[in-house]
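Taking the numbering used here, the leading residue of the sequence shown gets 11, the next gets one more, and so forth. See structure below.
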Amino acid sequence: MTTTASTVYALCEEVVQSGKGVSRTDAEMLINLPESATLDLLAGAQRIRSTVTTSAAFTCGIVNAKSGKCSEDCSFCAQSKYHDTSAPIYPLIDPNALLTRAKELEAGGAHRYGIVTSGMALSEKELDTVCEAALAITTQTSIKVCGSLGQLSPDMAERLRQAGFSSYHHNLETARSHFSAICSTHEYDDDIASVQNALHAGFRVCSGGILGLGENRNQRVELACTLRDLNVPSVPMNFLTPVKGTRLENQPLLAPSEALRAIAVYRFILPTQDILIAGGRENTLGEFQPLIPMAGANGLMIGNYLTTGGRNMADDINMLSSMGVL
Numbered sequence: 011m012t013t014t015a016s017t018v019y020a021l022c023e024e025v026v027q028s029g030k031g032v033s034r035t036d037a038e039m040l041i042n043l044p045e046s047a048t049l050d051l052l053a054g055a056q057r058i059r060s061t062v063t064t065s066a067a068f069t070c071g072i073v074n075a076k077s078g079k080c081s082e083d084c085s086f087c088a089q090s091k092y093h094d095t096s097a098p099i100y101p102l103i104d105p106n107a108l109l110t111r112a113k114e115l116e117a118g119g120a121h122r123y124g125i126v127t128s129g130m131a132l133s134e135k136e137l138d139t140v141c142e143a144a145l146a147i148t149t150q151t152s153i154k155v156c157g158s159l160g161q162l163s164p165d166m167a168e169r170l171r172q173a174g175f176s177s178y179h180h181n182l183e184t185a186r187s188h189f190s191a192i193c194s195t196h197e198y199d200d201d202i203a204s205v206q207n208a209l210h211a212g213f214r215v216c217s218g219g220i221l222g223l224g225e226n227r228n229q230r231v232e233l234a235c236t237l238r239d240l241n242v243p244s245v246p247m248n249f250l251t252p253v254k255g256t257r258l259e260n261q262p263l264l265a266p267s268e269a270l271r272a273i274a275v276y277r278f279i280l281p282t283q284d285i286l287i288a289g290g291r292e293n294t295l296g297e298f299q300p301l302i303p304m305a306g307a308n309g310l311m312i313g314n315y316l317t318t319g320g321r322n323m324a325d326d327i328n329m330l331s332s333m334g335v336l
C-alpha cells in the first residue's frame, strides 16, 4: 500500500470510529492529493457512507414554480434579470399545478418534492399560494414537501411549517471567500441568516452550493466546513452547467474525477449528513454517474431541474436499484 493510500485509509478509519468529520486541514490535504489517489478517496468515502451515514439512497425532485426576473446578480444564474438568456419567465404557478407535479414525482419514485421560486423572497400573496399547495400535497400524497423560496424570515418559516413544509432549502452557493466573485446584490450573511432561521424553526434544512464556479479546491472544503459549523443535516452538491448569456457562460466544466473527488472529500468532512447530488451531474459526470454512491453520496435529485432538463427518472431509479442502494 502506498503512503498516500495509507493516509486516506487512516483518516477514513478515524471517521468510522469517531463518527466525526476530518479537520479542515486534513480535508484540504485530501482534496489536493495527486490524481492517482482519486480511487482511494472514493473507497474511503464509500466505507464512511456504508458504515456511518444512512446507506440507503433517497431521491427528490423539484418544480420551477416561479421563473425568471430574479433581482439577484448571481453570475451562474439563467434567471437573473441581469442576464440575457432564453430561460422561461412566468409568475408563480397555481396550487393545482403544484399538486399535479408532486403526484408525478411521487409516481416516478421521488421521496421529496421541492417547490422552487426565483427572486429574493416571496410576497404575502405568493406565500399564501405555496401554503395552500403544501396543505393539498400533504393531504393527497405521501411525498415530503420542501421549500426553496428565497430569503427566510422567522414569521415566514412559521407559516410554512404550519402548512406542512418539512424541509427548507437555501444554498450558500460557494465559499464565503469566493462569494463576492459570484454575487454582489446581497451579503453572504443574509444567506447564513436564512439557514439559521430555517434551523431554528425546526426544518430539515438542505443547504449546499454549486461547484465549478471558479473556486479552488480549498474553497470547496471551506464551504463544506461552513455547512458543518451550521449543523446543516442535508447538503446538495450541484455542478455548474454554463448558460449562454450569464457571466459564467465560458466557464469550463469540472472534470469527472474532480467532481467525484469533491463528493468523496465532502463525505470525509460530513460523515453523518445527507449528501445529495443534484443539478449539472449529467453534463459533468456523464457515464460516471453510477460512481455517485461509491463516492459517498446517499441522495440523488431526479427529474428536471430549474431551467435545464435531467435524465429520465426511471433510468436513475434503475441505476440506484442495480447498485443495491435504493
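Just so it is clear, CB atoms sit at the ideal spot from N, CA and C, and this is done for glycine as well. The structure displayed is predicted, hence computed values, not measured ones.
For residue i, the nearest candidate out of the options (CA to CA)
i             : options                        : result
lysine 113    : Met304, Gly71, Ile327          : Gly71
threonine 13  : Ala37, His180, Gly31, Asp50    : Asp50
tyrosine 100  : Asp36, Ser244, Gly78           : Gly78
proline 303   : Glu297, Ala274, Gly290, Gln283 : Ala274
alanine 88    : Ala234, Gly222, Lys254         : Lys254
glutamate 82  : Gly118, His196, Lys30, Leu237  : His196
glutamate 116 : Thr69, Lys135, Pro105          : Thr69
glutamine 172 : Cys156, Leu43, Pro281          : Cys156
alanine 307   : Leu280, Leu223, Tyr19, Ala131  : Leu280
arginine 238  : Leu137, Arg277, Arg122, Asn42  : Arg277
valine 32     : Asp199, Arg111, Thr282         : Thr282
threonine 110 : Gln161, Phe189, Leu40, Thr148  : Thr148
asparagine 42 : Gln161, Lys91, Ser267, Glu259  : Ser267
alanine 144   : Ala37, Arg59, Tyr178           : Tyr178
cysteine 216  : Asp200, Phe249, Ser176         : Ser176
glycine 124   : Leu258, Ser163, Ala288, Gly54  : Ala288
threonine 95  : Ile58, Arg34, Pro252, Arg59    : Pro252
Expected contact under 8 Å - CB spacing of residue i and residue j to nearest Å
i              : j             : result
glutamine 229  : threonine 184 : 7 Å
serine 158     : valine 126    : 4 Å
isoleucine 192 : leucine 223   : 6 Å
leucine 301    : leucine 21    : At roughly 20 Å, the Cβ-Cβ gap does not stay under 8 Å, so leucine 301 and leucine 21 are not in contact.
glycine 212    : leucine 182   : Between leucine 182 and glycine 212 the Cβ distance is about 20 Å, and since that is not below 8 Å, they are no contact.
cysteine 344   : serine 128    : Outside the shown range of the chain (11 to 336) lies residue 344, about which nothing can therefore be said.
valine 26      : threonine 61  : 5 Å
leucine 341    : alanine 269   : The first residue shown for the chain is 11 and the last is 336, placing residue 341 beyond what the model contains.
Beta-bridge partners of residue i, as assigned by DSSP
i                 : result
serine 158        : Val126
isoleucine 153    : Note: isoleucine 153 sits in no beta bridge, so no partner.
arginine 214      : Ser177
phenylalanine 249 : Leu221
glutamate 183     : Gly219
serine 9          : This structure leaves residue 9 out entirely; the chain is present only between 11 and 336.
glycine 309       : Phe68, Leu286
Buried/exposed call for residue i, threshold 16 Cβ in 10 Å
i              : result
histidine 93   : buried
histidine 180  : buried
methionine 247 : buried
serine 152     : exposed
glutamine 56   : buried
methionine 311 : buried
glycine 29     : exposed
alanine 272    : buried
histidine 210  : exposed
threonine 256  : buried
glycine 296    : exposed
asparagine 328 : exposed
lysine 135     : exposed
(message) Runs of 3 residues minimum, wholly inside the stretch 32-120: which ones carry the beta strand (DSSP E) assignment?
(response) 68-76
(message) At 4 residues or longer, what runs of the alpha helix (DSSP H) sit wholly inside the stretch 273-301?
(response) The qualifying runs are 291-295.
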